[in-house]
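Participant:
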Amino acid sequence: MSDSDLDWEQPVYSDQRPGSDASDNDETQHGPVPKKARQQTRKKKHVKAASFLKGLKAGEEMRTLTDFETNVVTLQIHDILEDISITEKQRQLAMSWFAQLKQVLLKVRISKKHAQNVQVPLRPLPEDCQIANFTFHSPKDVSLVGSFAYETAVKESSLDIAVEMPKDCFVKWDYHNVKYHRKRALYLSYLVAALQKNPSLYSKLHWCVDGDDRLPILVVTSPSADITAHILPFPEEGVFKLSRFAPDKLNIQERFYSLPPNSRKPVPIYNGGVLQDMLMIPSRDALSEQLSSSNGIRGGIQILKLWLRTKELCSGPDGFKSFHLTAYVEQLLRSGRLNSVMGVYQVVRAVLAQIQAEDWTSEGLLGDCSPATRKAHRLMVAHGASAVLVDRSHSHNILYRVSAGTLDLLRSEARAALQSLNSGSVTLINDLLSTPVPFYRKLDCYARIELDYTNSKQPTDQVGAWARADFGGSVLWPTSRTILATLRRAFGRRVSLLVARPLPALEWELGKDLPEEATSVEIGWNLNPDEVHHIEKGPPADSPEADEFRDFWGEKCEIRRFQDGSILETVVWPNETAEERKHITHNICDYILRKQHQVRKTAFSGELCDRLLHLPNCHFTQRYGTGDELLVDINIKFNELAKILRKLPDLPADVTTVHGTSEELCYTAVFPQIAAACDTDNRLVTRVEGRCVPRVDHGIPRLVRPIDVLLSVDCSKWPDELNALRVTKTLFYVALAKKLEGRECQVFNDHLLVLFQGLLFRVRAFCLKEIPLTKQEVSPDGMIKHIESKVSQRLEFECVVLPKLISALHGLHLQHATFGPACRIAKRWLSCHLLSDAIPSVAVDLLMAYVYIHPLPFAVPHSSRAGFQRFLHILATFDWRLNPLIVNFNSQFSPEALQQTNSYFTRNRTSLPPLYIRTPYEKRETSWITAEKPIGPVLKRASVLARKCLAFMEARMAEGHNVFGIFKTSLDVYDFVIQLDERYMATRHLNVNSNEKLSFTKMRDEIPVVDFDPVKFYLDDLQATYGHFCAFFYDSYGGTEIGGLWIPKSQAPVPFKVHSLVGRKLISPAKVLAPNHSAILSDLKILGQGLVKNVVEQRCPSTMSRLRKDSR
1 MSDSDLDWEQ PVYSDQRPGS DASDNDETQH GPVPKKARQQ TRKKKHVKAA
51 SFLKGLKAGE EMRTLTDFET NVVTLQIHDI LEDISITEKQ RQLAMSWFAQ
101 LKQVLLKVRI SKKHAQNVQV PLRPLPEDCQ IANFTFHSPK DVSLVGSFAY
151 ETAVKESSLD IAVEMPKDCF VKWDYHNVKY HRKRALYLSY LVAALQKNPS
201 LYSKLHWCVD GDDRLPILVV TSPSADITAH ILPFPEEGVF KLSRFAPDKL
251 NIQERFYSLP PNSRKPVPIY NGGVLQDMLM IPSRDALSEQ LSSSNGIRGG
301 IQILKLWLRT KELCSGPDGF KSFHLTAYVE QLLRSGRLNS VMGVYQVVRA
351 VLAQIQAEDW TSEGLLGDCS PATRKAHRLM VAHGASAVLV DRSHSHNILY
401 RVSAGTLDLL RSEARAALQS LNSGSVTLIN DLLSTPVPFY RKLDCYARIE
451 LDYTNSKQPT DQVGAWARAD FGGSVLWPTS RTILATLRRA FGRRVSLLVA
501 RPLPALEWEL GKDLPEEATS VEIGWNLNPD EVHHIEKGPP ADSPEADEFR
551 DFWGEKCEIR RFQDGSILET VVWPNETAEE RKHITHNICD YILRKQHQVR
601 KTAFSGELCD RLLHLPNCHF TQRYGTGDEL LVDINIKFNE LAKILRKLPD
651 LPADVTTVHG TSEELCYTAV FPQIAAACDT DNRLVTRVEG RCVPRVDHGI
701 PRLVRPIDVL LSVDCSKWPD ELNALRVTKT LFYVALAKKL EGRECQVFND
751 HLLVLFQGLL FRVRAFCLKE IPLTKQEVSP DGMIKHIESK VSQRLEFECV
801 VLPKLISALH GLHLQHATFG PACRIAKRWL SCHLLSDAIP SVAVDLLMAY
851 VYIHPLPFAV PHSSRAGFQR FLHILATFDW RLNPLIVNFN SQFSPEALQQ
901 TNSYFTRNRT SLPPLYIRTP YEKRETSWIT AEKPIGPVLK RASVLARKCL
951 AFMEARMAEG HNVFGIFKTS LDVYDFVIQL DERYMATRHL NVNSNEKLSF
1001 TKMRDEIPVV DFDPVKFYLD DLQATYGHFC AFFYDSYGGT EIGGLWIPKS
1051 QAPVPFKVHS LVGRKLISPA KVLAPNHSAI LSDLKILGQG LVKNVVEQRC
1101 PSTMSRLRKD SR
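Just so we're aligned: 442 in the UniProt record's numbering is position 442 of the sequence shown, and the numbers increase by one with no gaps anywhere.
1) Restricting to Cα atoms, I'd like to know which of K595, G742, G300 is closest to R349.
2) Return yes when the Cβ of Y921 is within less than 9 Å of the Cβ of F905, no when it is not.
3) Using a Cβ-Cβ cutoff of less than 7 Å, which residues in the same chain neighbour T728 once the five nearest sequence positions on both sides are dropped?
4) Hey, L514 and R123 are a contact pair by Cβ (cut 8 Å); roughly how many whole angstroms apart?
5) Just how far apart, CA to CA, sit A37 and G343?
6) Thinking C-alpha only, which one of D285, A676, R794 is nearest K1002?
7) Straight-line CA distance for Y1034 to I978?
8) Among S1078, A817, H854, R956, which has the Cα closest to the Cα of N528?
9) Excluding sequence positions up to five away, which residues of its chain have a Cβ less than 7 Å from the Cβ of E663?
10) Where DSSP assigns a beta bridge to H619, which residues make up the other side?
11) Are the beta-carbon atoms of G273 and H181 separated by less than 9 Å?
12) Is it buried or exposed for N397, if we count other Cβ within 10 angstroms and need 16 for buried?
13) Which residues in the same chain have their Cβ closer than 7 Å to the Cβ of V1095, if we skip the five residues on either side of it in sequence?
14) According to DSSP, what are the bridge partners of I567?
15) Three-state secondary structure (DSSP) at D79?
16) Only counting the same chain, and skipping five residues up and downstream in sequence, which positions put a Cβ closer than 8 Å to that of E629?
17) Expressed to the nearest angstrom, what Euclidean distance is found between the alpha-carbon atoms of V1062 and P1075?
18) Check whether the Cβ atoms of A653 and D714 lie closer than 9 Å to each other.
19) Give me the DSSP bridge partner(s) of F756.
20) Can you round the beta-carbon distance between H597 and T680 to whole angstroms, since I take them to be within the 8 Å contact cut?
21) What does the alpha-carbon distance come out to for the pair I110 and L186?
22) Could you check if L740 belongs to the surroundings of the ligand SAH, using beta carbon to heavy atom distance under 8 Å?
23) What residues in its chain sit with their C-beta under 6 Å from that of W466, if we drop five residues either side in the sequence?
24) Which whole-angstrom value is the C-beta distance of C195 and L205, which I expect to be below 8 Å?
25) Would you grab the beta carbon distance between D1020 and A986 for me? Rounded to a whole angstrom, and I think it's under 8 Å.
26) Please confirm whether I1047 and A1031 have their CB atoms less than 9 Å apart.
27) Could you tell me the distance, in whole angstroms, from the CA atom of V239 to the CA atom of D277?
28) What does F1033 pair with, by DSSP beta-bridge criteria?
29) Under three-state DSSP, which class holds Q1098?
30) Under the rule that 16 or more other beta-carbon atoms within 10 Å means buried, what is G59, buried or exposed?
31) Would you call residue 1133 buried or exposed, if buried means 16 or more other Cβ atoms sit within 10 Å of its Cβ?
32) Return helix, strand or coil for N528, following the three-state DSSP convention.
33) Tell me the DSSP bridge mates of T234?
34) In this structure, does DSSP put T987 in helix, strand or coil?
35) Name the DSSP bridge partner or partners of C445?
36) I need the straight-line Cα distance from I269 to V402, nearest angstrom please.
Shown next, in the form of structure tokens:
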């Protein structure tokens, strides 16, 4: 593939773009401006805008970008703005349709006959709310509000049409007991009846409710089905006093909801809903006036709307809506924290910086305002508002429905967005603004809480009757807030973010009843890894607060004395194993919901991924769990062995450093080596000359892979000839074994096996001069040349690069304890899909390291499931053809080095492997890690599997079901399948569906059979014999089938040659050789005699051919 094949054309930018700042135009109404004056004006405005940005208290997130980065990001944001902005033609069509709707709505006339047959889009209400003698009057005015009125509409925006209901429709007391809402719904119903007489104006009519059932919206779809309009009735000015709906006013009587007498409470949600209607036009006028002066402000709002939608921040009844964003930006503009001369990029950056640092209940948001506004602000805060943004009437909190969880998520996403902008990465900014982030992908832990509305002791009964009255009779909305408040107290500092999944808006057809609410609440939280402790310390046992603490925690509460002498009320959670420590917050959630809200079922389906690391049918002297403790024990023993090796005296060469190069030493081995021997293996081996040898007639012993140890030695006195050097290394192993007297050792030509505290280590020596010696070639005339070869490159990778990678990965796990388990789950997933040998293990570790080192646009995952999910996301969405994957450990790559790597990748893409990974530890830009594997079709298949499994996983999590289905693969895609006999498999106990019961109880006291895996030997033979005909895929963790695909290139006939006869047959009369599939399949069975049960030819279209085509 050449550069031209990639179609990398430089974009051509015009001087003036739609949506760019009006201040950038070179012409004014009075004619052209001199060039020098234009430059001075631009410079002044740029300095002024920059001074506003520097004045923002946004911390280190407001990193100064270089001029080049700023220009690139600005151009990119302008491109995105062009894509999402509506065209002039679309706007004219929308305005034309609005004019037709307005004409019809202003002339609505409803007779008494039609009024009797109208269906009101409300749930059944008490009799006190029934309206007597309601008389419909035609709308006094119909006008636009919302994004089209502010000129901030984007392509998915709808027309918000405000319909003014005349005073004559209301009486003095209609603000009481939902009577206003009843009349509003009746008025909408009459408008529906009028629209139904004009079917040419719409293609569809339906109802919509976003949380508050008392405020339905009529949704009208245009005849072309490309525009929707929301009909929003509001009362004429002067119908009600604004003070009547202050947060402390009581507008619902007790008998309305059958509540106890004299128990009336304020209803801020009820009052806020009515005020929102009453102030619809004044708010529009104020916002339009303020925003009309700057294209940059409006363009910034459009970009931020896109950001809200992709992050799902504007979803649900308590979401941060587009109107809230517009009002917030207008408040920043009025308070002087934004300036009308700012460009789009500056506005986006400044608003994000303000959001991530905003205290939504402080008076600092008000800026310079009147005493009346400050008084209203204090009143709203006093009545429990999570966020306060006072409108210009001083009576309405624009953010009256926004919850605390939404604000926490908003700050978190704004912080991540700023980091993405600071990176200057084109890919990250595209992901930030264009890639939707589902709820089930952004957080560490999730729970689905099933509610039973028929149970009087459910949390739906504990939200309080007045709360339900305030929320319009909705049960799920206030219940969700109540559950979050309880969990927020129970979790404490263990959790940095706790939110509920946005409740979906209810939509239903005309003539049908309003649909019922869902019966479950879905919540998620981000862990604070430094605070996930298992002991909850309460107040002193004799303090007044102790009773409240005991009432909250119930039977889990106990009194404990601590080392400082304090005697406290305490709650203790299981903490013996790493698996129990991972589930502390799950145990808290499950217990406290049962205790406080009588919830019977809480599902944590996504967290079951860890079970794939269990060995449930194996018995150990110590609890195995997920193997995390075993990996810690291996690392401790390795450090002890390394200390011994460094201190051994009188060796032929001094040991300078000791490195580990196995997966166990960076905590990423799926099933680490076990120090205890399997009890049944004794009868499966025999001793020959003091060494264990398998007795294959009785079965196969369990696979034991040694832990690789690399010794760097001072070899200055060793020979300078390669063969002599290797013999000297063997003598070094002999001397080393003698020094390790008292420990079981076995010497081989190229390594030494050492049994240390039950663990088997394979020790190799390395000296630096060995690499140049492997490159030497002597010509016939005695000339010595240094030529790169695969042998020298592999030696350099294994002895120089790999130890540094393992050390870096080890450090990454110590920094993020979920890194290792996430890697293990990812490897298990690849293996279950028969790709374990197709993608190098180190490549998987580096892909996962990329997730943790470069987490944007997400946060760093603090659960193994979240890490695995992000791994699937990277594998499914990363553009491997156009971008290198750079894992920048400890930020060792400078910006210049990163740019150099990207340039090298672009220039040499055709000669680089499909999966190109670059780390700071490789001096060569041609990485050896993925030089041979994976091939293009395998990478394509892995990406397709990741995309489908990710979608399936998130769907199952949303339903509260287990996600084990993603660890099952279909064999239908393979051309043939080789079925294996489990009796001769050394890893059969690792299979996902294995029922074999084993016992590992006795510490290993002799060196076992090492690396004896008949299936691996068989695969090596197949690859050596028929690797040019077939590609083989296998699950190395107990898989019982080998999948095979015919390689398309090998299927073409070739000219007759003797050396080409293997696997081919003669075709007459053309005298060419064609593949002999039946003979090859027969040979595959013969080569695996005893191990292979059967070879099944499936005769499906070659998947390899299809994948090769897709990978291009």
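A virtual CB, placed ideally from N, CA and C, is assigned to each residue, including glycine.
Facilitator: Let's see:
1) For this step, residue 349 is matched to residue 349 along the sequence shown. R349 has its Cα closest to that of G300, out of K595, G742, G300.
2) Stepping through the sequence shown from its first residue, residue 905 is reached at position 905. Stepping through the sequence shown from its first residue, residue 921 is reached at position 921. Not in contact: F905 and Y921 (Cβ atoms no closer than 9 Å).
3) Here the question's residue 728 lines up with position 728 in the sequence shown. For T728, where only same-chain residues beyond five positions count, the Cβ hits under 7 Å are W718, P719.
4) To locate residue 514, count along the sequence shown from 1; it is residue 514. To locate residue 123, count along the sequence shown from 1; it is residue 123. Sure, about 6 Å apart at Cβ, within 8 Å.
5) Taking the sequence shown and counting its residues from 1, one reaches residue 37 at position 37. Taking the sequence shown and counting its residues from 1, one reaches residue 343 at position 343. Because the pLDDT of A37 is 49, which lies under 50, any placement of that residue in the model is unreliable, and the number read from its coordinates should be weighed accordingly. Rounded to whole angstroms, A37 to G343 spans 19 Å at the Cα level.
6) Position 1002 of the sequence shown, counted from the first residue, corresponds to residue 1002. Here the closest residue by C-alpha is A676.
7) Position 1034 of the sequence shown, counting from 1, holds the residue named residue 1034. Position 978 of the sequence shown, counting from 1, holds the residue named residue 978. Whole-angstrom Cα-Cα distance: 10 Å.
8) To locate residue 528, count along the sequence shown from 1; it is residue 528. Minimum Cα distance to N528 is reached at A817.
9) On the sequence shown, residue 663 is found 663 positions in, with the first residue counted as 1. Result list for E663: A669, S841, in chain order.
10) The count along the sequence shown starts at 1 and reaches residue 619 at position 619. Answer is S999.
11) Numbered from its first residue, the sequence shown carries residue 273 at position 273. Numbered from its first residue, the sequence shown carries residue 181 at position 181. Yes, they are a contact pair.
12) By 1-based counting over the sequence shown, the position of residue 397 is 397. Result: buried.
13) Here the question's residue 1095 lines up with position 1095 in the sequence shown. Around V1095: F976, I978, L1081, L1084, K1085.
14) Taking the first residue of the sequence shown as position 1, residue 567 is located at position 567. In DSSP, I567 forms a bridge with R561.
15) As a working mapping, residue 79 is identified with position 79 in the sequence shown. Helix at D79.
16) For the purposes of this step, residue 629 is taken as the residue at position 629 of the sequence shown. The answer, listed in chain order, is T577, A578, Q622, R623.
17) Your numbering for residue 1062 matches position 1062 in the sequence shown. Your numbering for residue 1075 matches position 1075 in the sequence shown. About 9 Å.
18) Within the sequence shown, numbered from 1, the residue matching residue 653 stands at position 653. Within the sequence shown, numbered from 1, the residue matching residue 714 stands at position 714. Contact: yes.
19) As a first step, residue 756 must be located in the sequence shown, where it is residue number 756. Answer by DSSP bridge pairing, in chain order: L759.
20) Looking up residue 597 in the sequence shown gives position 597. Looking up residue 680 in the sequence shown gives position 680. Incorrect: roughly 50 Å between the Cβ atoms, too far for contact.
21) By 1-based counting over the sequence shown, the position of residue 110 is 110. By 1-based counting over the sequence shown, the position of residue 186 is 186. Cα-Cα distance, rounded: 12 Å.
22) Of the ligands one can find in the structure shown there are none, so the ligand SAH has no counterpart to examine.
23) Position 466 of the sequence shown, counting from 1, holds the residue named residue 466. Result list for W466: K265, in chain order.
24) For the purposes of this step, residue 195 is identified with residue 195 of the sequence shown, where counting begins at 1. For the purposes of this step, residue 205 is identified with residue 205 of the sequence shown, where counting begins at 1. As written in the sequence, residue 195 is Leu, which differs from the Cys given in the question. About 6 Å separates the two Cβ atoms, so the contact holds.
25) By one-based count along the sequence shown, residue 1020 stands at place 1020. By one-based count along the sequence shown, residue 986 stands at place 986. The Cβ separation is near 14 Å, so there is no contact.
26) Against the sequence shown, residue 1047 aligns to sequence position 1047. Against the sequence shown, residue 1031 aligns to sequence position 1031. Against a cut-off of 9 Å, the Cβ pair of A1031 and I1047 comes out as a contact.
27) Numbered from 1 along the sequence shown, position 239 holds the residue referred to as residue 239. Numbered from 1 along the sequence shown, position 277 holds the residue referred to as residue 277. Going from the Cα of V239 to the Cα of D277 covers about 12 Å.
28) Along the sequence shown, read from residue 1 onward, the residue named residue 1033 stands at position 1033. G1043.
29) For the purposes of this step, residue 1098 is taken as residue 1098 along the sequence shown, with counting starting at 1. Three-state DSSP puts Q1098 in coil, outside helix and strand.
30) The count along the sequence shown starts at 1 and reaches residue 59 at position 59. Caution applies to G59, whose pLDDT of 35 falls short of 50 and renders its modelled position unreliable; the value that the coordinates give is listed next. Per the 10 Å Cβ criterion, exposed.
31) With the chain covering 1 to 1112 only, the question about residue 1133 has no answer from this structure.
32) Residue numbering aside, residue 528 sits at position 528 when the sequence shown is read from its first letter. In the structure shown, N528 sits in coil (DSSP, three-state: anything other than H, G, I, E or B).
33) Numbered from 1 along the sequence shown, position 234 holds the residue referred to as residue 234. Per the sequence shown, residue 234 should be read as Phe rather than Thr. Per DSSP, E164.
34) The count along the sequence shown starts at 1 and reaches residue 987 at position 987. Residue state, collapsed to three classes: coil.
35) Along the sequence shown, read from residue 1 onward, the residue named residue 445 stands at position 445. Per DSSP, W525.
36) Start at 1 with the first residue of the sequence shown, and residue 269 comes out as number 269. Start at 1 with the first residue of the sequence shown, and residue 402 comes out as number 402. I269 and V402: Cα-Cα distance of roughly 10 Å.
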